[in-house]
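Okay, so the sequence shown: first residue is -9 according to the numbering used here, each after it adds one.
Idealized CB from N, CA, C, for every residue including glycine.
Below is one structure; the comments refer to it alone.
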Amino acid sequence: MANTKSALKRAQIAERNRLRNKAYKSAVKTLMKKYVSAVESYTANPTPESKEQVEARLSEAYSKIDKAVKRGILHPNNGARKKSRLAHKLQPVAQTAE
């Protein structure tokens, strides 16, 4: 337990930041999963509407990853790796669809 007033405050701030970081990381994972499922449905049935949905999901995921990196929740290399993996999920699909 914290002994001083400042140590108590730092513990409260650390807990607040931990919860905020957890929420951001969870949102990033959720958006990544939604994108992957959109890519799978596009692979099964490539239509212009499903392609639009894939692009929208990719944009949402990129945005959330960039914000997490900007706020220091994710390391820049971690964010770049996540974005790269998302982009590579679509590449084989894009080559077969053309």
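When DSSP states are grouped into helix, strand and coil, leucine 21 belongs to the helix group.
When DSSP states are grouped into helix, strand and coil, isoleucine 63 belongs to the coil group. Assignment of alanine 34 by DSSP, reduced to helix, strand and coil, places it in the helix class. Contact between the stretch -9 to 4 and the stretch 41 to 48 is absent: fewer than 3 CB-CB pairs across the two stretches fall below 8 Å. Nearest to leucine 21 by alpha-carbon distance, out of Asn35, Ala4, Asp56 and Leu9, is Asp56. Within 10 angstroms of the beta-carbon of lysine 60 lie fewer than 16 other beta-carbons, which makes it exposed.
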